[in-house]
Amino acid sequence: GAVVSQHPSWVICKSGTSVKIECRSLDFQATTMFWYRQFPKQSLMLMATSNEGSKATYEQGVEKDKFLINHASLTLSTLTVTSAHPEDSSFYICSAAGTSGSTDTQYFGPGTRLTVL
Amino acid sequence: AQSVTQLDSQVPVFEEAPVELRCNYSSSVSVYLFWYVQYPNQGLQLLLKYLSGSTLVKGINGFEAEFNKSQTSFHLRKPSVHISDTAEYFCAVQVGSTASKLTFGTGTRLQVTL
C-alpha cells in the first residue's frame, strides 16, 4: 500500500524558534497534501490543503504567515511553524492523495508531536 | 457544508463481544465515507471506505460498515472484538473528488477489556 512518512516524529523547541516538519509520499506521487492538527483527545482539524507547485489553501482561522506550507515536489510537502509558542504544541498529521493507483484514498503520515517550551 | 457526528465518545466492551460504533453525517450532496483507526501517538490507518456500489463494506481487522442513505449513517461493526482493537476510531466524509479534504467526526474511544 501507499506509504506516507513524516519527519521528525517528535520535536521539542524553545518559544520563538521555528520548526519544519516534512511529509513525504514514499511510493506514489501526491498531487495534493493536507495538513491536520490534533489536540489531545480531540479530532483532526484541517489546517491547509497544498497542491504541488501552487500556494496552499488555508482553512478559516489558520494563520498562513505562522504556518508556512510548501509543496515543492510531488513527493514532499513541508510545514514550518514560525515563531512557535506553547499554544502551538500539538500533534501535526499530514495526508497525501495520489495521481494514480491511490487516487481513491488519502494516506496519512504517522504524525509529528511538537512541544514548545 | 458537511458534518459528521459520532455520538459515542467512549464505548467500553468486553473481549469477544460484538461492537457497533455509530456515525451519522450531514451533507446536501453525495459523499464518500471513511472509517479510520488511530492508535496512541500514531497517525490514522484506513479501516474501510464507501465510495459507491454495495452498501455493506468490509474492511481490515474484521470490521465492516453499512452505508444507509435514508438514515445518513455509516455505522462500524465488528462481531467479536479483541484487546488489540482498543483505539480511537474516526468517521470521516469527503465531498467531490477523492482528493478533497476530509471532515472528521470527534472520534470514539473503543476500550476493550477482559
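As they're listed, the protein sequences go chains A and B. Counting from 42, one number per residue, gives the positions in the first sequence under this note's numbering. Counting from 4, one number per residue, gives the positions in the second sequence under this note's numbering. Ideal Cβ placement from N, Cα and C applies to all residues, glycine included.
- Non-local C-beta neighbours of residue 106 of chain A in its own chain, meaning closer than 6 Å and more than five positions away in sequence, are absent.
- Residue 110 of chain B and residue 93 of chain B do touch by the CB rule: their CB atoms are close to 5 Å apart, below 8 Å.
- Residue 26 of chain B is bridged by DSSP to nothing; it lacks a bridge partner.
- Contact annotation for residue 66 of chain B against chain A: no contact, minimum CB-CB distance about 16 Å [criterion: below 7 Å].
- The Cβ atoms of residue 104 of chain A and residue 87 of chain A lie no closer than 8 Å to each other.
- Between the C-alpha atoms of residue 151 of chain A and residue 67 of chain A there is a straight-line separation of about 13 Å.
- Residues of chain A with a Cβ closer than 8 Å to the Cβ of residue 45 of chain B are, in chain order, 151, 152.
- When the five nearest sequence neighbours on each side are left out, the beta carbons in the same chain lying within less than 6 Å of the beta carbon of residue 51 of chain A are those of 154, in order along the chain.
- Within chain B, the C-beta atoms nearer than 8 Å to that of residue 90 of chain A come from 104, in chain order.
- The alpha-carbon of residue 62 of chain B is positioned some 8 Å away from that of residue 68 of chain B.
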